[in-house]
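First the structure, in the form of structure tokens, and then the observations on it.
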Amino acid sequence: MDNENFNNSELEDLRRQMSMLQERIDKGTTISKNQVERAIHSGLGKVVKREVMSIIIILATIVLYSFVHQWIGMSTGLVWFVQLLMVVALMCEIHLLYEAIKAEQGIGDDLIKASERLLHIKKVCQVWLRFIGLPFLVVFMAWFLYDMQTNPDFLAVPGETAAEHLNAIRGASVGGIIGAIAGGLIGYFGVYRKQVKQIDEIRRQIDDLS
1 MDNENFNNSE
11 LEDLRRQMSM
21 LQERIDKGTT
31 ISKNQVERAI
41 HSGLGKVVKR
51 EVMSIIIILA
61 TIVLYSFVHQ
71 WIGMSTGLVW
81 FVQLLMVVAL
91 MCEIHLLYEA
101 IKAEQGIGDD
111 LIKASERLLH
121 IKKVCQVWLR
131 FIGLPFLVVF
141 MAWFLYDMQT
151 NPDFLAVPGE
161 TAAEHLNAIR
171 GASVGGIIGA
181 IAGGLIGYFG
191 VYRKQVKQID
201 EIRRQIDDLS
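Just so we're aligned, residue 1 is where the sequence shown starts under our numbering, counting upward by one.
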């Protein structure tokens, strides 16, 4: 009888230990889940901030461009081409900002929906780069160089000689090419690659959490 009571006592102790262990595991899982959710929110916050900064930069560029093109003397067709692209870029960034905000708000409710929104943002970025951004850059540079060579009002300064105007055109050509290449590299590595990498990391964390 004593042995039976002793065994029952041991069994009860074992059950209590297992229960305590399970509580610690559950608590650790909850802490780990909360840490992952905080990391996801932090990552989405960076995506949202990056979209906000992109919108601010585009708006500032539109305002600056409205003054600069008059001083440079760009042709009307090129002016409207650039303005159209800026408007499209602005609308695209506003859409991405909306999707990023909705994804951040949906983390606590629907992780799968949030992951789908992030995937949509990634695809839009890829489409923009391949079918709008790069083609625009090529067309703009070709048109810009052509306009410099054929438009007599381009960088025209009253009283300057033909040689001086030619030197100004050459300098603008070199500066334009360097600026376009530098801007393209900054946009690709400094914005696009970081955005895609951030989205992939967040989606991986969501997959681990769900």
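Backbone N, C-alpha and C fix where the C-beta goes; we use that ideal spot for every residue, glycine too. Being a predicted model, the structure only gives us computed values, none of them experimental.
>> With H, G and I counted as helix, E and B as strand and the rest as coil, what does DSSP make of Glu-160?
In response: For Glu-160, the three-state secondary structure derived from DSSP is coil.
> What first and last residue would you give for the alpha helix (DSSP H) that runs through Phe-136?
Replying inline: 134-150
>> Once DSSP output is grouped into helix, strand and coil, what is the label at Ser-42?
In response: In the structure shown, Ser-42 sits in a helix (DSSP, three-state: H, G or I).
>> For Leu-90, tell me which candidate among Thr-61, Leu-118 and Gln-105 has the shortest Cα-Cα distance.
In response: Comparing Cα-Cα distances from Leu-90 to each of Thr-61, Leu-118 and Gln-105, the minimum goes to Thr-61.
> Using the rule of at least 16 other Cβ atoms within 10 Å of the residue's Cβ for burial, across every protein chain shown, is Ile-56 buried or exposed?
Replying inline: exposed
> How long is the line joining the alpha carbons of Leu-166 and Val-63, rounded to whole angstroms?
Replying inline: Their backbone Cα atoms lie some 29 Å apart in a straight line.
> If you draw a straight line from the alpha carbon of Trp-143 to that of Leu-78, how long is it in whole angstroms?
Replying inline: 7 Å
> Alpha carbon to alpha carbon, how far is Arg-54 from Gly-159?
Replying inline: Reading the sequence as shown, one finds Ser at residue 54 and not Arg. Straight-line Cα distance between these residues: approximately 41 Å.
> On the three-state DSSP scale, how would you describe Ile-31?
Replying inline: For Ile-31, the pLDDT reaches just 46, beneath the cut-off of 50, and the residue's location in the model is therefore unreliable, leaving the point undetermined.
>> Which of the three DSSP states is assigned to Gly-73 in this structure?
In response: In this structure, Gly-73 counts as coil in the three-state DSSP scheme.
> Can you give the Cα-Cα distance for Val-48 and Thr-150, rounded to whole angstroms?
Replying inline: 43 Å
> Just curious, the alpha helix (DSSP H) that Val-191 is in, first and last residue?
Replying inline: Neither: Val-191 is in no alpha helix (DSSP H) and is coded neither H nor E.
>> When you compare the region 91-111 with the region 133-143, are there three or more beta-carbon pairs, one atom per stretch, that lie closer than 8 Å?
In response: Touching, no.
> Run through DSSP, which three-state label would Asp-153 get?
Replying inline: coil
> Which residue comes first and which comes last in the alpha helix (DSSP H) that contains Ile-227?
Replying inline: Since the first and last residues shown for the chain are 1 and 210, residue 227 lies out of range.
> Cα separation between Ile-232 and Ile-94?
Replying inline: As shown, the chain starts at 1 and ends at 210. That puts residue 232 outside it, with no answer to give.
> Count the other CB atoms within 10 Å of the CB of Arg-130; is the residue buried (16 or more) or exposed (fewer)?
Replying inline: exposed
>> Whether or not the region 117-128 and the region 168-176 are in contact is what I'm after, with contact meaning three or more pairs of Cβ atoms, one per stretch, closer than 8 Å; do they touch?
In response: no
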